[in-house]
Amino acid sequence: MEIIYNVNKDELIEHNDDTNIICISNGDNTTLNKTTLKLNDTFKTWSEVNIVVSRYTKQNGFVAIKYRLELDAIDKSIVRQHVYKYWKAGVHSPKKMKDISLHYDSVTVKMNCEWQASFNFGKRATEICLTKIVNKHNYLYDTKTIELAPKNLRFSQ
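So for the sequence shown, numbering that gives the first Met the number 0 puts the first residue at 0; every next one is plus one.
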């Protein structure tokens, strides 16, 4: 754990390497928890990875989905790799037939965003490691995005 006191802003910054959470406390007794993702961060379980990625994306104003899941070749119950991508990543390529009049003309929501986080659990490893982080976005952040993402939509009770 690393503790830094910022004299200019009267803030106490506390960084916990185990949970990847930065706590910022100012003189008003308000605390802001900020989750960070850095290369070679380690995690104990896949659920911990899910929680950290979810917190990170919500704090930064976008939504990530599990893009790829790789299982062990011998024991299919062991997850070896998870890749998270922005939920509107990629480029829409329609599969239209020759007669275009038979198809509904729609607009794509894909943005070709490059954000990606890859986590790997090696065969001889004891912890899950963040092996790749591409922190590039080609759009403006929008807080409404989080509420409108398909993974956050629920049926009304």
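Just so it is clear, CB atoms sit at the ideal spot from N, CA and C, and this is done for glycine as well.
Residues that residue i bridges to, as DSSP identifies them
i, result
"ALA63", "TYR85"
"ASN119", "GLN80 and CYS128"
"GLU69", "GLN80"
Residue interval of the beta strand (DSSP E) (run including residue i)
i, result
"LEU129", "127 to 133"
"ASN39", "Careful: ASN39 lies outside any beta strand (DSSP E) and carries neither H nor E."
Cβ-Cβ separation, residue j to residue i (assumed contact under 8 Å), whole Å
i, j, result
"TYR157", "PHE61", "Lying outside 0 to 156, the shown extent of the chain, residue 157 is not represented and no answer is given."
"CYS128", "THR41", "5 Å"
CA nearest to the CA of residue i, picked from the options
i, options, result
"VAL51", "PHE120, LEU36 and MET110", "LEU36"
"PHE120", "LEU70, LEU38 and ALA63", "LEU70"
"MET110", "VAL90, ASN49, CYS128 and THR125", "VAL90"
"TYR66", "THR125, GLN115 and VAL133", "GLN115"
"PHE118", "VAL48, ALA124 and ILE73", "VAL48"
"LYS122", "ARG54, GLN80, LEU68 and SER46", "GLN80"
"ASN39", "ASN137, LYS131 and HIS136", "LYS131"
"ASN137", "LYS87, SER92, THR41 and SER76", "LYS87"
"GLU126", "ASN134, ILE77 and ALA72", "ILE77"
"LYS57", "LYS33, VAL108, SER92 and VAL133", "LYS33"
"LYS135", "SER53, TRP45, LYS43 and ASN59", "ASN59"
"VAL133", "ILE73, LYS75 and ALA63", "ALA63"
"LEU68", "ARG54, TRP45 and VAL108", "TRP45"
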